[in-house]
């Protein structure tokens, strides 16, 4: 994450998909560059458990922890995957129970940020999606509430998705950091999004239209499921000069089986 050419934070998203389609996701945010030097960026860890219902990812459990130098906050939400209803909510501030100030009416029919990410990705990757179509999702993470408005523009020659988004702050946003529209930071603020599609799809870039510094998120690396390493055939192994590494790796070793995990994906955003 950067403002202009200055790095302020780094994000890392990891996704683990099980054979039954359920998903475990983790999003980490930590200060980097000027953000680590000057402060102002909180460390954050989000986790989510999702299940597939009729091909759509639905929330089951969401947690988030915010760490500041002098305090921390923990939020936990449990959902009914069938209806999306919030079944249980807990909020601890420095280990003490606290109450969310977000009105109950704004929490209704809202989902956690990670579920919103997967549902928006599924929506954008729909083969029947046509340029000009849009969708809106209500997002609630315990202390803040916003609407995500996503417009589909089409695909480029490389097959990347072209999107435009707006983040409309409904409650709890004092400063949108150039991404979220608030009363103090009114819109429209358009976010130009370029995203990869497919099983490991992730945004390649998110660039704000607001201000000279143009806040942005850039994809630096994407690590897909590693290829299975195979031992050489007996004829090849006999002809090659043995080494300690090759002997340790391939001595009487059966063919490797695919991992029980369907995929393990990592994506990190920071300045190159």
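Numbering (the numbering used here), first residue to last: 19 to 290. We treat Cβ as the ideally placed atom computed from N, Cα and C, and that holds for glycine. In this text the structure is predicted, and so the values were computed from the model without any measurement.
Please report how far the alpha carbon of residue 23 lies from the alpha carbon of residue 143, in whole angstroms.
If you number the chain shown from 1, residue 23 lands on position 5. If you number the chain shown from 1, residue 143 lands on position 125. Cα to Cα, residue 23 sits roughly 31 angstroms from residue 143.
Within a Cβ cutoff of 7 angstroms, which residues of the same chain sit near residue 181, ignoring the five residues on either side of it in sequence?
Taking the chain shown and counting its residues from 1, one reaches residue 181 at position 163. Cβ neighbours of residue 181 beyond the five flanking positions: 142, 168, 169, 170, 171, 211, 213.
Buried or exposed for residue 105, please, with buried defined as at least 16 other CB atoms from any protein chain shown within 10 angstroms of its CB.
The residue given as residue 105 occupies position 87 in the chain shown. By the neighbour-count rule (16 or more Cβ atoms within 10 Å), residue 105 is not buried but exposed.
Between residue 185 and residue 199, how many whole angstroms is the CB-CB distance? I'm expecting something under 8 angstroms.
Here the question's residue 185 lines up with position 167 in the chain shown. Here the question's residue 199 lines up with position 181 in the chain shown. Between residue 199 and residue 185 the Cβ distance is about 7 angstroms, and since that is below 8 angstroms, they are a contact.
Go to residue 91, then tell me how far its beta strand (DSSP E) extends in each direction, as first and last residue.
The sequence position of residue 91 within the chain shown is 73, counting from 1. Counting along the chain, the beta strand (DSSP E) containing residue 91 begins and ends at 90-97.
Using a 10 Å radius around the Cβ and a threshold of 16 neighbouring Cβ atoms, would you call residue 157 buried or exposed?
Here residue 157 corresponds to residue number 139 of the chain shown, with the count starting at 1. It is buried - the Cβ of residue 157 has at least 16 other Cβ atoms within 10 Å.
At which residues does the alpha helix (DSSP H) containing residue 139 begin and terminate?
The residue you call residue 139 lines up with position 121 of the chain shown. It spans 131-142 - the alpha helix (DSSP H) in which residue 139 sits, taken as one unbroken run.
Could you tell me if residue 176 is buried or exposed, where buried requires 16 or more neighbouring beta carbons within 10 angstroms of its beta carbon?
Against the chain shown, residue 176 aligns to sequence position 158. Flag for residue 176 reads exposed.
For residue 238, is the classification buried or exposed, using 16 other Cβ atoms within 10 angstroms of its Cβ as the cut-off for buried?
Reading the chain shown from its first residue, position 220 is the one you call residue 238. Residue 238 is exposed by the Cβ-count criterion.
One question on the structure: do residue 93 and residue 72 come within less than 9 angstroms of each other, judged by their Cβ atoms?
Reading the chain shown from its first residue, position 75 is the one you call residue 93. Reading the chain shown from its first residue, position 54 is the one you call residue 72. Their beta carbons are not under 9 angstroms apart, which means residue 93 does not touch residue 72 by this criterion.
Could you check the C-alpha separation between residue 47 and residue 145 for me, to the nearest Å?
To locate residue 47, count along the chain shown from 1; it is residue 29. To locate residue 145, count along the chain shown from 1; it is residue 127. Going by the C-alpha atoms only, they are around 32 angstroms apart.
Excluding the 5 residues flanking residue 154 on each side, which residues of the same chain have their C-beta closer than 6 angstroms to its C-beta?
In the chain shown, the residue the question calls residue 154 occupies position 136. Cβ within range, chain order: 165, 167.
Buried or exposed by the 16-neighbour rule on C-beta atoms within 10 Å, applied to residue 162:
Sequence index remark: in the chain shown, residue 162 carries index 144 (1-based). By the 10 Å Cβ count, residue 162 comes out buried.
Counted within 10 angstroms of its Cβ, other Cβ atoms place residue 76 as buried (16 or more) or exposed:
In the chain shown, residue 76 corresponds to position 58, counting from 1. Buried, by the Cβ-count rule.
Assign residue 37 to buried or exposed, taking buried as 16 or more other Cβ atoms, counted over all protein chains shown, within 10 Å of its Cβ.
As a first step, residue 37 must be located in the chain shown, where it is residue number 19. So residue 37 counts as exposed.
Using CA atoms only, rank isn't needed, just tell me which of 50, 152, 151, 116 is closest to residue 61.
Walking along the chain shown from the start, residue 61 turns up at place 43. Nearest C-alpha to residue 61: 50.
Residue range of the beta strand (DSSP E) that includes residue 78
For the purposes of this step, residue 78 is taken as residue 60 along the chain shown, with counting starting at 1. Segment 74-85, the beta strand (DSSP E) holding residue 78.
Check for me: the alpha helix (DSSP H) holding residue 125 runs from which residue to which?
For the purposes of this step, residue 125 is taken as residue 107 along the chain shown, with counting starting at 1. Element bounds for residue 125: 122-125.
With distances taken between CB atoms, is the gap from residue 81 to residue 65 smaller than 9 angstroms?
Mapped onto the chain shown, residue 81 falls at position 63. Mapped onto the chain shown, residue 65 falls at position 47. Yes.
Going by the CB atoms, is the gap between residue 136 and residue 41 shorter than 9 angstroms?
In the chain shown, the residue the question calls residue 41 occupies position 23. In the chain shown, the residue the question calls residue 136 occupies position 118. Closer than 9 angstroms, so yes.
If we ignore side chains and look at the alpha-carbon of each, how far apart do residue 27 and residue 20 end up?
Numbered from its first residue, the chain shown carries residue 27 at position 9. Numbered from its first residue, the chain shown carries residue 20 at position 2. Their backbone Cα atoms lie some 7 angstroms apart in a straight line.
Rounded to the nearest angstrom, how far is the Cβ of residue 189 from that of residue 124, given a contact under 8 angstroms?
If you number the chain shown from 1, residue 189 lands on position 171. If you number the chain shown from 1, residue 124 lands on position 106. Right, their Cβ atoms sit about 6 angstroms apart.
Helix, strand or coil, according to DSSP, for residue 170 in the structure here?
In the chain shown, counting from the first residue as 1, residue 170 sits at position 152. The answer is strand: DSSP assigns residue 170 an E or B state.
For residue 112, the three-state DSSP class (helix, strand or coil):
Translated into positions along the chain shown, residue 112 becomes position 94. If DSSP states are grouped into helix, strand and coil, residue 112 belongs with coil.
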